[in-house]
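First to last, the sequence lines map onto chains A and B.
According to the working numbering, the residues represented by the first sequence are 1 to 357, in order.
According to the working numbering, the residues represented by the second sequence are 1 to 357, in order.
Glycine is no exception: its CB is placed at the ideal position from the N, C-alpha and C atoms.
Owing to the predicted nature of the structure, the values given are computational and were not obtained by experimental measurement.
Protein chains: 2
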Amino acid sequence: MSRLEKLRRSLILQGLDALLVSQPENRRYLSGFTGSAGWLLVSAANAFLAVDFRYVEQAKREVADFEVIHVKGDVANWLPKLLLDLGFKKAGFEADQVPFATHQQLGKATTDRQHELQLVATTRLVESLRAVKEPEELESIIEAVKLADTALDYARSIIRPGITERELAWELERCLREKGSAPMPFDIIVSSGPNSALPHGRPSERAISKGEPVVIDLGARVSGYCSDLSRTFCLGEQDETFSKVYNIVLGAQLTALATIRAGMSGDEADRLARMVVDEAGYSQVFGHGLGHGVGLQAHESPRLGPSSSDELVDGMVFTVEPGVYVPGWGGVRIEDTVAMENGKVKALTRAKKTANI
Amino acid sequence: MSRLEKLRRSLILQGLDALLVSQPENRRYLSGFTGSAGWLLVSAANAFLAVDFRYVEQAKREVADFEVIHVKGDVANWLPKLLLDLGFKKAGFEADQVPFATHQQLGKATTDRQHELQLVATTRLVESLRAVKEPEELESIIEAVKLADTALDYARSIIRPGITERELAWELERCLREKGSAPMPFDIIVSSGPNSALPHGRPSERAISKGEPVVIDLGARVSGYCSDLSRTFCLGEQDETFSKVYNIVLGAQLTALATIRAGMSGDEADRLARMVVDEAGYSQVFGHGLGHGVGLQAHESPRLGPSSSDELVDGMVFTVEPGVYVPGWGGVRIEDTVAMENGKVKALTRAKKTANI
């Protein structure tokens with residue numbers, strides 16, 4: 001079944017005449033349009049892509065199953081008339097994406113036209129389709145994973161005491177781009193020593209030294225699809241703290257990889273790794289979730305973390321990335337991109353998991 | 001007056017007890033926090049930055065005037081209690097930023113607590129402060145403009161028939177980064193021949209040829225602040241169409257630069273350039289606005305374009321970038337980053353405006 005057919009089935013289940021799609025990756029997923037602005041309107045009989053002047057030519061080139069319409073001004077200017085002309089009564093919109101102000105303007109514009117239109121808040125209709133990857137999507141992700149692995153190998157070959165976080169991050173970005181990655185799906189993280197206690201730190205001018213943790217977190221992008229990879233290194237001798245924390249995180253990651261099964265919730269999967277960290281006495285410092293889906297976005301459905309009810313099923317691609325962060329000392333994170341296959345986790349990432357260089 | 005003081009004055013004018021700030025650059029502008037998630041709560045007496053686990057350490061390092069609080073879960077989990085404890089009755093939120101679903105959750109959570117709290121939609125309270133730059137902000141922008149100029153010079157030196165759009169775009173990105181730019185504020189555009197008729201085209205594998213338009217649009221980022229620069233080249237001999245279109249766009253740009261004055265609206269400024277294009281008979285193909293503010297975002301207030309009532313005043317920094325796009329043939333765009341100073345436009349961009357290489 002095509003993506004559009006799946007969405008149309010889901011519209012029927014929701015009792016909607018049509019769905020408005022404005023989330024950029026959802027728009028691309030359904031229509032093929034890669035521009036940064038535009039609205040899809042999908043109903044049982046119609047599929048429109050509405051764009052402004054800047055994107056008309058591009059949209060016509062990229063889109064096959066959608067009729068491109070050229071619109072002017074805010075969505076509240078043109079959408080109510082279109083919905084009225086098509087006779088829709090219940091149109092869904094993406095409530096996590098549409099700003100409050102846009103919803104107000106749309107509501108007002110439909111009321112002004114004495115239009116009996118109900119705007120219905122929906123969540124994750126397209127995201128839930130996107131969470132399960134088609135074979136061609138998986139192929140692109142695997143290409144992006146390979147590029148990330150290559151960059152990580154390169155990191156091993158050039159990291160040395162004295163190189164700054166920023167220098168190393170740039171070298172890795174250059175490697176990824178020159179090997180064929182599109183612009184980075186997220187800014188590369190290289191954080192060393194105490195900086196590595198910041199799970200989302202930015203590369204600084206700090207020079208990397210021996211004996212401290214160095215967290216590298218990077219991803220590539222191929223045909224729109226992302227990969228996500230973290231490793232933690234230590235140059236020279238590893239002190240007791242490093243070995244201890246590293247082994248806890250590695251144990252948690254390997255446990256999760258070996259024991260996650262299709263049918264589990266994101267919360268259950270998270271607990272498999274968290275238990276290992278908890279038992280080692282580090283429960284307070286594994287603050288983020290175990291992982292997240294990877295696809296057209298570097299972070300997408302499903303979510304693996306406390307209280308996530310997302311069900312993990314075959315075809316999903318996500319990260320498994322426990323981390324322990326000790327303020328003042330540093331952190332360790334080990335992250336693979338994996339796919340669910342035959343009910344189990346299959347690691348796509350192949351980068352080695354040894355901390356020593 | 002500090003940024004926080006200016007915002008507090010604006011809260012009084014709006015009759016608000018407090019403002020919630022979630023727009024990333026607004027958050028950074030007020031607090032100094034550069035992380036990608038978090039909420040500010042500003043009132044006459046308080047200034048909080050609420051972040052989750054991932055950002056606590058970073059926030060404490062970066063922020064001076066705000067009290068960092070560590071929160072868990074969605075904003076609807078922790079915010080209503082905080083607002084209740086502080087006794088606020090009217091709290092503003094950023095209506096262009098907060099998704100419909102988040103507003104609903106907040107509304108529900110405050111009702112559940114039988115809290116007499118009114119959530120008030122606000123627009124552009126912080127954006128309007130950001131539109132007028134402080135001297136140190138202007139300095140960073142000027143550094144970013146210089147980097148963009150350097151990259152454009154480099155483009156002139158390496159562009160040749162046969163180089164692909166993607167190769168050239170990557171060379172320019174590499175130049176910008178190696179000269180000191182942070183990651184790109186937007187993906188570099190290199191579009192040639194018919195591709196240049198797409199104002200926002202992506203660099204493709206198309207090889208650049210002689211005699212056709214090549215639009216290059218790039219920016220740098222320094223200390224968070226952006227620049228934005230476009231030029232159009234033609235390798236070898238320029239045919240009649242190119243010369244004609246190029247001179248119309250250049251005429252429109254120079255006219256706008258020379259005649260924009262403080263006190264004009266964004267619409268009036270736009271018309272100065274549009275008139276020149278219209279008179280030459282190309283009114284149908286100058287589809288985008290004349291320009292946009294530049295600062296922490298590559299596109300911010302003010303907007304220079306049809307129906308924009310934004311008043312242009314001293315201290316603003318914006319682009320002046322008329323363009324003409326002829327489907328099937330190509331396009332020409334010429335863009336400077338400029339500052340309003342002493343009532344007039346002062347070009348910050350110094351890159352040459354000749355199309356020939």
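Going by alpha carbons, who is nearest to G38/B out of V63/B, K133/B, K6/B, D17/B?
On the second sequence, position 38 is the one that residue 38/B refers to. When each option's Cα is compared against that of G38/B, the closest is V63/B.
Would you identify the three-state DSSP class for A252/B, choosing helix, strand or coil?
Against the second sequence, residue 252/B aligns to sequence position 252. Of the three classes helix, strand and coil, the one that applies to A252/B here is helix, per DSSP.
What does V276/B reach in chain A if we use C-beta pairs closer than 7 Å?
Position 276 of the second sequence, counted from the first residue, corresponds to residue 276/B. In chain order: nothing, as chain A lies at least about 18 Å away.
So is E136/B buried or exposed if we call it buried at 16+ other beta carbons inside 10 Å?
Here residue 136/B is taken as the residue at index 136 of the second sequence, counted from 1. By the neighbour-count rule (16 or more Cβ atoms within 10 Å), E136/B is not buried but exposed.
Cα-Cα separation, L348/A to E178/B
Sequence index remark: in the first sequence, residue 348/A carries index 348 (1-based). Sequence index remark: in the second sequence, residue 178/B carries index 178 (1-based). Cα-Cα distance, rounded: 32 Å.
Counting C-beta neighbours from all protein chains within 10 Å, is the total for L13/A 16 or more, i.e. buried, or is it exposed?
Translated into positions along the first sequence, residue 13/A becomes position 13. Counting Cβ neighbours within 10 Å, L13/A comes out exposed, since fewer than 16 surround it.
Please return the same chain residues whose Cβ sits closer than 8 Å to the Cβ of G328/B, not counting the five positions on each side in sequence.
Within the second sequence, numbered from 1, the residue matching residue 328/B stands at position 328. Closer than 8 Å at Cβ, skipping near neighbours: P194, A197.
Counting only beta-carbon atoms, is P185/B nearer than 8 Å to chain A?
Within the second sequence, numbered from 1, the residue matching residue 185/B stands at position 185. Cβ-Cβ to chain A under 8 Å: no for P185/B.
Residue ranges of each beta strand (DSSP E) run of no fewer than 3 residues wholly in the region 244–309 of chain B, ordered along the chain?
291–293, 300–304
Consider the Cβ of F100/B: report whether some Cβ of chain A lies at a distance smaller than 8 Å.
Counted from its first residue, the second sequence places residue 100/B at position 100. It does; some Cβ of chain A falls within 8 Å.
To the nearest angstrom, how far is it from the Cα of R149/B to the Cα of G236/B?
Along the second sequence, read from residue 1 onward, the residue named residue 149/B stands at position 149. Along the second sequence, read from residue 1 onward, the residue named residue 236/B stands at position 236. Note that residue 149/B corresponds to Asp in the displayed sequence, not to Arg. Rounded to the nearest angstrom, the two C-alpha atoms are 22 Å apart.
Does the beta-carbon of P189/B have 16 or more other beta-carbons within 10 angstroms, so that it is buried, or is it exposed?
The count along the second sequence starts at 1 and reaches residue 189/B at position 189. In the sequence under discussion, the amino acid at residue 189/B is Ile, which differs from the Pro named in the question. So I189/B counts as buried.
In terms of alpha-carbon separation, which member of S10/B, M264/B, A339/B, S283/B lies closest to A91/B?
Locating residue 91/B in the second sequence gives position 91, where the first residue counts as 1. The shortest Cα separation from A91/B among S10/B, M264/B, A339/B, S283/B belongs to S10/B.
Does T110/A get closer than 8 Å to chain B when you measure Cβ to Cβ?
As a working mapping, residue 110/A is identified with position 110 in the first sequence. False, the Cβ-Cβ gap to chain B never drops below 8 Å.
Kindly indicate if chain A contains any beta-carbon less than 8 Å away from that of P327/B.
Here residue 327/B corresponds to residue number 327 of the second sequence, with the count starting at 1. Closer than 8 Å: yes.
When you compare the region 306–324 of chain B with the region 332–349 of chain B, are there three or more beta-carbon pairs, one atom per stretch, that lie closer than 8 Å?
yes
Consult DSSP for E205/B and reduce its assignment to one of helix, strand or coil.
Counting from one through the second sequence, the residue named residue 205/B turns up at place 205. If DSSP states are grouped into helix, strand and coil, E205/B belongs with coil.
Any C-beta of chain B sitting closer than 8 Å to the C-beta of E25/A?
Position 25 of the first sequence, counted from the start, is the residue given in the question as residue 25/A. Not closer than 8 Å to any Cβ of chain B, the Cβ of E25/A fails to qualify, so no.
Measuring straight from C-alpha to C-alpha, what distance separates P24/B and D314/A?
For the purposes of this step, residue 24/B is identified with residue 24 of the second sequence, where counting begins at 1. For the purposes of this step, residue 314/A is identified with residue 314 of the first sequence, where counting begins at 1. Rounded to whole angstroms, P24/B to D314/A spans 35 Å at the Cα level.
Where A351/B falls: helix, strand or coil (DSSP)
Locating residue 351/B in the second sequence gives position 351, where the first residue counts as 1. Of the three classes helix, strand and coil, the one that applies to A351/B here is coil, per DSSP.
Could you pull out every unbroken beta strand (DSSP E) segment of at least 3 residues lying fully inside the region 178–239 of chain A, listed in chain order?
Runs of the beta strand (DSSP E) inside the region 178–239 of chain A: 189–192, 213–218, 229–234.
Would a check of beta-carbon distances place S10/B closer than 8 Å to chain A?
Residue mapping note: residue 10/B aligns to position 10 of the second sequence, counting from 1. Chain A contact via Cβ: absent.
Between the region 41–75 of chain B and chain A, which residues of the former have CB atoms less than 7 Å from a CB of the latter, in chain order?
Listed by position along the chain: F53, R54, Y55, E57, Q58.
Quick one: is S209/B near chain A, going by C-beta distance under 8 Å?
Reading the second sequence from its first residue, position 209 is the one you call residue 209/B. Not one chain A Cβ lies under 8 Å of S209/B.
Backbone CA spacing between V277/B and D267/B [nearest angstrom]:
Position 277 of the second sequence holds residue 277/B. Position 267 of the second sequence holds residue 267/B. Those two C-alpha atoms are separated by around 15 Å.
Could you tell me whether the Cβ of D310/A comes closer than 8 Å to any Cβ of chain B?
Here the question's residue 310/A lines up with position 310 in the first sequence. D310/A does not count as touching chain B.
Please list, in chain order, the chain D residues whose beta carbon lies closer than 8 Å to that of A121/A.
Looking for chain D here will not work: the only protein chains present are A and B.
Is Q359/A close to chain B? Criterion is C-beta to C-beta, closer than 8 Å.
Chain A is shown from 1 up to 357; residue 359/A falls before or after that span and cannot be answered.
Check this for me: beta carbons of F66/A and F48/A, under 8 Å apart or not?
Start at 1 with the first residue of the first sequence, and residue 66/A comes out as number 66. Start at 1 with the first residue of the first sequence, and residue 48/A comes out as number 48. Yes, they are a contact pair.
Residues near G201/A in its chain [Cβ-Cβ closer than 7 Å; skip 5 each side]:
By 1-based counting over the first sequence, the position of residue 201/A is 201. The beta carbon of G201/A sits closer than 7 Å to the beta carbons of I189, S191, N195 from its chain, once the five residues preceding and following it are set aside; these are given in chain order.
If contact is defined by three or more beta carbon pairs under 8 Å, each pair taking one atom from either stretch, is the region 147–165 of chain B in contact with the region 138–158 of chain A?
no
Where the alpha helix (DSSP H) through V58/B begins and ends
One-based indexing of the second sequence puts residue 58/B at position 58. First, the amino acid is wrong: residue 58/B is Gln here, not Val. 56–62 is the extent of the alpha helix (DSSP H) around Q58/B.
Count the CB pairs spanning the region 79–94 of chain A and the region 108–127 of chain A that are closer than 8 Å, and state whether there are at least three.
yes
Assigned secondary structure, A155/A (DSSP; H/G/I helix, E/B strand, else coil)
The sequence position of residue 155/A within the first sequence is 155, counting from 1. Of the three classes helix, strand and coil, the one that applies to A155/A here is helix, per DSSP.
Measure the Cβ-Cβ separation of V126/B and N26/B and say whether it is below 8 Å.
In the second sequence, residue 126/B corresponds to position 126, counting from 1. In the second sequence, residue 26/B corresponds to position 26, counting from 1. Contact: yes.
Opposite Y29/B in the DSSP bridges: which residues?
As a working note, residue 29/B is residue 29 in the second sequence. In the DSSP output, where bridge partners are listed per residue, Y29/B has none listed.
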